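J.:
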Amino acid sequence: MDDMDVTLLQEVVNALSRDVERPVVLEDEDQQPIVHSPHYGQTDRMRRDTIMHKSTSKETVEYFRRYDLASRTEPFVVPGNERGVLPRLCVPLRYDEKLLGYVWVLLPDEEMSDDHRRAVERVREPLAETLWLDRLSRLREGRIVEDLLNDDHDRRLRGLVAVEAKHAFDAPARTMVLVAVGPGWAVRAARRAFVMQRWVADPASQLRLVDVDEGVAVVAHIASGRDAADGVLAGGLDLDALERSMGQINRVTDGLPVMLGVGPSVASPGALPRSHRRARQAATVALRIGPSKGFVSTWEGLGVYRLLVQLPRDALADGVDPRLVGLIQDVPEVAATLEVYLDGGGAVAAAADTLHIHRTTLYYRLEKVTEAGFDLHSGTDRMTIQVGFAALRLLGRWPA
1 MDDMDVTLLQ EVVNALSRDV ERPVVLEDED QQPIVHSPHY GQTDRMRRDT IMHKSTSKET
61 VEYFRRYDLA SRTEPFVVPG NERGVLPRLC VPLRYDEKLL GYVWVLLPDE EMSDDHRRAV
121 ERVREPLAET LWLDRLSRLR EGRIVEDLLN DDHDRRLRGL VAVEAKHAFD APARTMVLVA
181 VGPGWAVRAA RRAFVMQRWV ADPASQLRLV DVDEGVAVVA HIASGRDAAD GVLAGGLDLD
241 ALERSMGQIN RVTDGLPVML GVGPSVASPG ALPRSHRRAR QAATVALRIG PSKGFVSTWE
301 GLGVYRLLVQ LPRDALADGV DPRLVGLIQD VPEVAATLEV YLDGGGAVAA AADTLHIHRT
361 TLYYRLEKVT EAGFDLHSGT DRMTIQVGFA ALRLLGRWPA
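Residue numbers (UniProt numbering): 1 to 400.
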């Protein structure tokens with residue numbers, strides 16, 4: 001949602017809260033929060049948790065399911081309970097009969113005067129209209145992204161013409177693609193949360209597309225002199241900010257992961273299909289092996305997986321040295337020891353400490369590696385083993 005729309009919604013919600021002298025929350029059709037008023041008088045934990053986590057928990061959604069919110073057309077009161085949940089007025093927001101969201105007004109005393117009810121009624125139409133216009137805007141935005149990434153020349157040209165009108169994408173700005181995928185993407189609230197995130201500091205510098213398979217954000221940015229060691233990608237995006245955004249999305253996925261792949265920065269929107277492919281591959285690697293940390297996987301940080309993820313699965317499997325496959329099948333504890341030893345640069349003491357084993361045991365297991373036909377003094381053999389482990393991880397066959 002554009003900043004202007006959020007600001008308008010925030011002003012309306014704050015004004016309504018003052019008029020009715022009660023806390024107010026505006027949610028979308030999936031019961032995910034859009035804006036909320038400051039606390040005003042008595043509140044409850046359900047409201048506090050939603051505001052603190054910037055998402056409505058699965059338990060809260062389930063709690064209200066019994067009231068069949070999606071079929072409601074008129075305001076109604078949801079009663080409180082003995083567990084401290086306060087009564088609240090639910091006001092469905094519809095435009096052209098389409099459900100767009102809800103206004104929630106806490107009612108600690110279960111009463112609301114006629115003046116207060118009229119104040120609520122006055123905001124229904126402007127709030128619904130703003131949400132409807134935002135939905136139309138997102139549809140137009142999504143079509144631009146589809147065109148930019150399309151293989152058809154005419155559609156690609158149409159996308160480039162559309163993006164030229166957005167001066168945030170002009171040189172010297174560079175562009176890149178972010179892709180969100182994973183089992184949790186099937187959860188509608190996750191897709192809505194993706195749209196609500198700000199992927200770059202300036203909302204005019206992003207275009208978003210949400211479909212059933214993935215979420216795509218095309219972002220423009222000015223290259224930074226800082227690097228990933230400072231928490232900033234070479235392209236200029238803040239990795240910590242991306243992690244926070246993905247954390248918000250993963251809070252509403254019922255434990256199913258959604259990973260964000262970050263493609264390489266490109267000089268012009270015409271090269272975005274390549275960034276899109278790389279972003280999807282980065283996300284694929286994260287889903288198969290798990291990211292090094294958090295929910296964000298960058299193309300520039302994939303290392304050897306940049307090569308491996310581009311191979312067909314059959315070719316990937318055929319390329320693993322059979323001696324390594326034999327070790328994993330016959331003596332998996334030796335294979336696990338070997339990987340730790342090589343990842344630590346061949347430092348015996350560090351490997352023994354990591355594995356919590358005596359050095360004598362470590363030497364015994366490494367001797368088994370030699371018996372399998374590997375020479376650990378050979379750089380070629382060490383590379384063969386480490387690339388083999390990476391390939392098997394990508395195939396889901398390691399750890400065994």
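Backbone N, C-alpha and C fix where the C-beta goes; we use that ideal spot for every residue, glycine too. This one's a predicted model, so the numbers in the text were calculated from it and none came from an experiment.
Note down, in chain order, each residue of its chain lying with its Cβ closer than 7 angstroms to the Cβ of residue 444, except the 5 sequence neighbours on either side.
T.: There is no way to answer for residue 444, as the model of the chain reaches only from 1 to 400.
J.: Determine, using beta carbons only, whether Ala-204 and Leu-178 come nearer to each other than 8 angstroms.
T.: Inclusion of Ala-204 and Leu-178 in the CB contact set at 8 angstroms is not warranted, their separation being larger than that value.
J.: Quick check on the DSSP output: the beta strand (DSSP E) that includes Ala-180 runs from which residue to which?
T.: 174-181
J.: Enumerated in chain order, which unbroken segments of the alpha helix (DSSP H) with a length of 4 residues or greater are wholly contained in the UniProt domain "PucR C-terminal helix-turn-helix" (336-390)?
T.: For the UniProt domain "PucR C-terminal helix-turn-helix" (336-390), whole alpha helix (DSSP H) runs of length 4 or above, ordered along the chain, are 348-355 and 359-371.
J.: Per the contact definition of three or more C-beta pairs closer than 8 angstroms, is the stretch 95-114 in contact with the stretch 66-86?
T.: yes
J.: In the structure shown, what three-state DSSP assignment does Met-112 receive?
T.: coil
J.: Over the uninterrupted alpha helix (DSSP H) stretch that includes Val-195, give me the two end residues.
T.: 188-196
J.: By the three-class DSSP mapping on this structure, what secondary structure does Ala-220 have?
T.: Reduced to three states, the DSSP call for Ala-220 is strand.
J.: Assign Asn-250 to buried or exposed, taking buried as 16 or more other Cβ atoms, counted over all protein chains shown, within 10 Å of its Cβ.
T.: buried
J.: In this structure, does DSSP put Pro-92 in helix, strand or coil?
T.: Residue state, collapsed to three classes: strand.
J.: Can you check DSSP and say which residues form a bridge with Tyr-102?
T.: Glu-27 and Pro-92
J.: For the beta strand (DSSP E) that contains His-36, what are its first and last residues?
T.: 33-36
J.: Among Ser-55, His-116, Arg-278 and Gly-101, whose alpha-carbon lies nearest the alpha-carbon of residue 456?
T.: It is not possible to answer for residue 456, since the shown part of the chain is limited to 1 through 400.
J.: What residue ranges within the stretch 30-84 form continuous alpha helix (DSSP H) runs of no fewer than 4 residues, ordered along the chain?
T.: Counting only runs of 4 or more, we get 45-53 and 58-65.
J.: Buried or exposed: Ser-378, going by 16 or more other Cβ atoms within 10 Å of its Cβ?
T.: So Ser-378 ends up on the exposed side.
J.: Quick check on the burial criterion: 16 or more other C-beta atoms within 10 angstroms. Buried or exposed for Met-52?
T.: exposed
J.: Buried or exposed: Thr-56, going by 16 or more other Cβ atoms within 10 Å of its Cβ?
T.: buried
J.: Identify the residues that DSSP records as bridge partners of Arg-208: which are they?
T.: According to DSSP, which records beta bridges pairwise, Arg-208 is partnered with Ala-217.
J.: Based on DSSP bridge pairs, tell me the residues matched to Val-296.
T.: Leu-260
J.: Contact defined as beta carbons within less than 8 angstroms: I believe Leu-99 pairs with Ala-180. What is the distance between those atoms, to the nearest angstrom?
T.: Contact doesn't hold; Cβ gap of about 25 angstroms is too wide.
J.: Quick one: Cα of Asp-227 to Cα of His-39, how far?
T.: Because the pLDDT at Asp-227 is just 49, under 50, the model does not fix this residue reliably, and the point stays unresolved.
J.: Could you tell me the distance, in whole angstroms, from the CA atom of Asn-14 to the CA atom of Trp-199?
T.: 26 angstroms
J.: Do Leu-242 and Val-296 have their C-beta atoms closer together than 8 angstroms?
T.: yes
J.: Val-120 and Leu-207: beta carbons closer than 8 angstroms?
T.: no
J.: Going by the beta-carbon positions, is the gap between Val-210 and Val-105 smaller than 8 angstroms?
T.: no
J.: Can you give me the C-alpha to C-alpha distance between Gly-303 and Arg-88, rounded to a whole angstrom?
T.: 52 angstroms
J.: Rounded to whole angstroms, what's the CA-CA distance from Ser-71 to Glu-27? Just pull it up for me.
T.: 16 angstroms
J.: Just grab the DSSP bridge partners of Pro-266 for me.
T.: A quick correction: the sequence has Val, not Pro, at residue 266. According to DSSP, Val-266 bridges with Thr-175.
J.: Quick one: what does DSSP say Arg-22 is sitting in, helix, strand or coil?
T.: Residue state, collapsed to three classes: coil.
J.: Touching or not, the stretch 264-273 and the stretch 135-151, by the rule of three or more beta carbon pairs under 8 angstroms?
T.: A contact exists between the stretch 264-273 and the stretch 135-151.
J.: Within its chain, find whatever has a CB closer than 7 angstroms to the CB of Arg-382; leave out the 5 residues flanking it on each side and keep chain order.
T.: Leu-342 and Leu-376
J.: When we look at the beta-carbon of Leu-139 and count the other beta-carbons within 10 Å, is it buried (16 or more) or exposed?
T.: exposed
J.: Any idea if Pro-172 is buried or exposed, counting beta-carbon neighbours within 10 angstroms, 16 or more meaning buried?
T.: Classification of Pro-172: exposed, given that the 10 Å Cβ count is below 16.
J.: At the level of alpha carbons, what is the spacing between Gly-344 and Leu-392?
T.: 19 angstroms
J.: With distances taken between CB atoms, is the gap from Ala-352 to His-358 smaller than 8 angstroms?
T.: yes
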